[in-house]
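Enquirer:
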Amino acid sequence: MTEEDKDKLKQAKVDITQELSDVELSAYKLEQVDQRIDSYIREVAGNPDGHNLFEQLSVMRFLRMYDKYGVNVTEVQRFFTLYESLYFPGTRGERTYRLTPVQTFQFASIYAFWHEGKRVVREALLYVPRKFSKTTSSASLAIDDLLYGDANAESYTGANSHDQAKKCFDVIRGCMRRLDPKGRRYVVNEQTIKSRRKDRSAFAQCLTANARTKDGLNASTVILDEFSQARNSELLTVLTTSMGVRENPLTVIITTASDVFDGPFYEMLQGYKSILLGEYEDDSVFVHIFEPDLDDPEDSEDTWRKVHPHLGVTVSMDFYRQEYRKALRNGGDAMLAFRTKLLNVYSENQQKSWISSTLARHISRHINVSSIKGRPDAMVAIDLSESDDFSAVTMAMYNTVGKSFSFHTAYFFPEGALSDHPNESLYRLWAEKGYLKLTKGEVIDYSEIVKYVLYLNQYIRILGIGYDPWKSQEVVNMLAASGAANVLKGVKQTYGNFTAPVESFEHGAKTGKIIIDDNPINAYCFGNAIIDEDKLENKKPIKRKQTAKIDGVITKLMCLRLFIDYER
7 MTEEDKDKLK
17 QAKVDITQEL
27 SDVELSAYKL
37 EQVDQRIDSY
47 IREVAGNPDG
57 HNLFEQLSVM
67 RFLRMYDKYG
77 VNVTEVQRFF
87 TLYESLYFPG
97 TRGERTYRLT
107 PVQTFQFASI
117 YAFWHEGKRV
127 VREALLYVPR
137 KFSKTTSSAS
147 LAIDDLLYGD
157 ANAESYTGAN
167 SHDQAKKCFD
177 VIRGCMRRLD
187 PKGRRYVVNE
197 QTIKSRRKDR
207 SAFAQCLTAN
217 ARTKDGLNAS
227 TVILDEFSQA
237 RNSELLTVLT
247 TSMGVRENPL
257 TVIITTASDV
267 FDGPFYEMLQ
277 GYKSILLGEY
287 EDDSVFVHIF
297 EPDLDDPEDS
307 EDTWRKVHPH
317 LGVTVSMDFY
327 RQEYRKALRN
337 GGDAMLAFRT
347 KLLNVYSENQ
357 QKSWISSTLA
367 RHISRHINVS
377 SIKGRPDAMV
387 AIDLSESDDF
397 SAVTMAMYNT
407 VGKSFSFHTA
417 YFFPEGALSD
427 HPNESLYRLW
437 AEKGYLKLTK
447 GEVIDYSEIV
457 KYVLYLNQYI
467 RILGIGYDPW
477 KSQEVVNMLA
487 ASGAANVLKG
497 VKQTYGNFTA
507 PVESFEHGAK
517 TGKIIIDDNP
527 INAYCFGNAI
537 IDEDKLENKK
547 PIKRKQTAKI
557 DGVITKLMCL
567 RLFIDYER
């Protein structure tokens, strides 16, 4: 995206925010249709920071279509009544659910607008993160067509894989069995549902992406699940081109973002956004997009609330926190999954080689902590584990004369976790040579970390002790009790927080302004680290693979962060 494109989107955000604030919402009397629709629209209009540009544009578009077509209250309320009578699967078994405000807006946008006896909206995109319940709720559209659509209605659920297509279809099967438990009106099979009634030949069927032999269809409703993963549009084309004789056809694409930039959906998404931005006019399309705005940080809980309208309903904030911590810890594919599936942003691995193990060895020198004289100013950073990973403690000193940094890192590992560890032989060798400190027990003994920090304090004047606020509370408490409370500094493990240290370390390493101690674990960690970038071009080292160790890299950069933020 060019800077000009970014500026246009930022201006569009300003414009739509003002436009929505100027609307007299009470004039629409939406509470007479359903109070939840009114509530949702007022929330989006009144809280622009909590809703992305395209969600705001969807709301404004709804109001314009209301002005143009009015609202078919009967159709909207009829569908709501049907939906809330259906038994959907959930964590507590099959049960009925009330539509949430955002769902009432979505379904009203499909069913509310009619012109000359025909439904205006023929195509819908629900572009939402995982765990929204999009697959489950969208099944209701096929059920509605099966029960109340054309007498010869043909509803199809499709996806790239049989398993994915079956998810939606299985919801339909379950609902229909509840509605007709004795099978008097419908025959419910594994992949088809057919009407037994003589006056209705309606049926529903589950299809997969292999579009061959599917000519001759006469689709009335099509639900395509996770279309962002599709490599071609054959199934979509076969189904939509079969709808010609239908008066009220409906195609619904329900999907989350992916890393498939060369598939058909990525370009379609740009087209959908163009409709919302007013670059094209097409009232037959309803689009609901949930994603961050341009400058939203990916680690912010406010961003997570913005992108997931069912946060606190179908998914918890704790789940997002856990998944983000996992993505930070495991990097690579885990971070890609977080961005595409939970942030709902098209993304690909932005991994780049950084400080090679060869360069790390080149800048290595022997540093003996006990030989340091004069207690120079220094920063300390700790990265903790429990059992199967290193814990690392790095000390960093700044030479004001040479404007250079020296780093020394100590590594700790629980001795009880060595047995049968994939790297047991290597770790034992490092321990024998004094490079790796083994602590007693099967989990790391945090008191050994504290003792080591106090040992460092004999030779350096510690200006700050950096720690990860998400996983260091026990050690923080122990250090505070040892007299270090005033120098403890939480260092958030975010991409934005690591960008400046990453760039400074790389420049220093390549210009001779940084040296590290000659512990071989340092070069090992650097060899495992690659640089990843978020959508704001912030940078952070991540693991080359999930089992790799980069703890010593992280603590060195945390020390640099402390120096950058330090105020005398």
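7 is the number of the first residue of the sequence shown in my numbering; add one for each residue after it.
From the three backbone atoms N, C-alpha and C, an ideal C-beta is built for every residue, glycine too.
Nothing here was measured: the structure is a model prediction, and the numbers come from that model.
#1: Between the region 239 to 256 and the region 195 to 203, are three or more C-beta pairs nearer than 8 Å?
#2: Which stretch, first to last residue, makes up the alpha helix (DSSP H) that contains L105?
#3: Can you tell me whether N374 is buried or exposed, with buried defined as 16 or more other CB within 10 angstroms of its CB?
#4: Would the region 415 to 425 and the region 444 to 459 be scored as touching if the rule is three or more Cβ pairs under 8 Å?
#5: Contact check, S362 vs I536 under 8 Å by CB: the rounded distance?
#6: How is Q197 classed by DSSP in three states: helix, strand or coil?
#7: Beta carbon of E100: closer than 7 Å to some heavy atom of the ligand GDP?
#8: Could you pull out every residue in the same chain whose Cβ sits closer than 7 Å to the Cβ of G496, ignoring the five residues on either side in sequence?
#9: Whole angstroms are fine: how far does the CA of E240 sit from the CA of A217?
#10: I believe A165 touches A157 by the beta-carbon criterion, under 8 Å. Please report the beta-carbon distance rounded to the nearest angstrom.
#11: Using only the alpha-carbon positions, how far apart do V266 and A236 sit?
#12: Kindly provide the ranges of any beta strand (DSSP E) runs that are 3 or more residues long and lie completely inside the region 292 to 378, ordered along the chain.
#13: Assuming I260 and T141 form a contact by the criterion Cβ under 8 Å, report the distance between their Cβ atoms to the nearest whole angstrom.
#14: Report the CB separation of Y330 from D305 in whole angstroms; it is logged as a contact under 8 Å.
#15: Taking only runs that begin and end inside the region 90 to 165, name each unbroken alpha helix (DSSP H) of 4 or more residues, in chain order.
#16: Within this structure, are the beta carbons of D339 and D557 separated by less than 8 Å?
#17: Can you tell me which of the three DSSP states T262 falls into?
#18: Which ranges would you report for the alpha helix (DSSP H) in the region 441 to 483 if only whole runs of at least 4 residues count?
#19: Assuming W310 and L317 make a contact with CB atoms under 8 Å, what is their CB distance in whole Å?
#20: Expressed to the nearest angstrom, what Euclidean distance is found between the alpha-carbon atoms of I522 and I229?
#21: Is it right to say I3 is buried, meaning 16 or more other beta carbons lie within 10 angstroms of its own, or is it exposed?
#22: Which runs of the alpha helix (DSSP H), 4 residues or longer, sit entirely within the region 37 to 94?
#23: On the DSSP bridge assignment, give the partners of D289 in chain order.
#24: Looking at C-beta atoms only, is the number of pairs between the region 540 to 557 and the region 403 to 410 that lie closer than 8 Å three or more?
#25: Tell me which residues share the same chain as T576 and place their Cβ nearer than 6 Å to its Cβ, disregarding the 5 neighbours each side in the sequence.
#26: Please report how far the alpha carbon of I295 lies from the alpha carbon of V258, in whole angstroms.
#27: Quick one: residues in its chain with C-beta nearer than 8 Å to the C-beta of G272, no 5 flanking neighbours on either side, listed in chain order?
#28: Tell me, to the nearest whole angstrom, how far the beta carbon of V493 is from that of I468; I am working on the premise that it is less than 8 Å.
#29: Would DSSP call E273 helix, strand or coil?
#30: Work out the CA separation of V39 and L334 for me, nearest whole Å.
#31: Going by CA-CA distance only, name the one from S226, D268, N238 that's closest to M250.
#32: Using DSSP with H/G/I as helix, E/B as strand and the rest coil, what is G502?
#33: Put L424 into one of helix, strand or coil per three-state DSSP.
#34: Would the region 88 to 98 and the region 48 to 61 be scored as touching if the rule is three or more Cβ pairs under 8 Å?
#35: With the cut-off set at 8 Å, would you say Y501 and K545 are in Cβ contact?
#36: Expressed to the nearest angstrom, what Euclidean distance is found between the alpha-carbon atoms of A387 and Y441?
Expert: Let me lay it out:
#1: no
#2: Looking at the DSSP string, L105 is not in any alpha helix (DSSP H), and its letter there is neither H nor E.
#3: exposed
#4: yes
#5: With 8 Å as the limit, S362 and I536 do not qualify as a contact, their Cβ atoms being about 10 Å apart.
#6: coil
#7: The ligand GDP is absent from the structure shown, which contains no ligand whatsoever.
#8: Y473, P475
#9: Residue placement at A217 cannot be trusted, given a pLDDT of 49 that sits under 50; the coordinates are not used to answer.
#10: That belief does not hold up - the Cβ atoms of A165 and A157 are roughly 27 Å apart, past 8 Å.
#11: 8 Å
#12: none
#13: 6 Å
#14: 6 Å
#15: 107 to 117, 140 to 154
#16: no
#17: coil
#18: 452 to 462
#19: 6 Å
#20: 57 Å
#21: Because the chain is modelled from 7 through 574, residue 3 falls outside the range shown and cannot be assessed.
#22: 41 to 52, 59 to 75, 79 to 89
#23: Answer is none; D289 lacks a bridge partner.
#24: no
#25: Because the chain is modelled from 7 through 574, residue 576 falls outside the range shown and cannot be assessed.
#26: 13 Å
#27: For the sequence presented, residue 272 should be read as Tyr rather than Gly. Result list for Y272: S234, V266, Y352, in chain order.
#28: 6 Å
#29: helix
#30: 45 Å
#31: First, the residue type needs correcting, since residue 250 is Gly and not Met in the sequence shown. Looking at the Cα atoms, S226 is the closest of the given residues.
#32: helix
#33: coil
#34: no
#35: yes
#36: 18 Å
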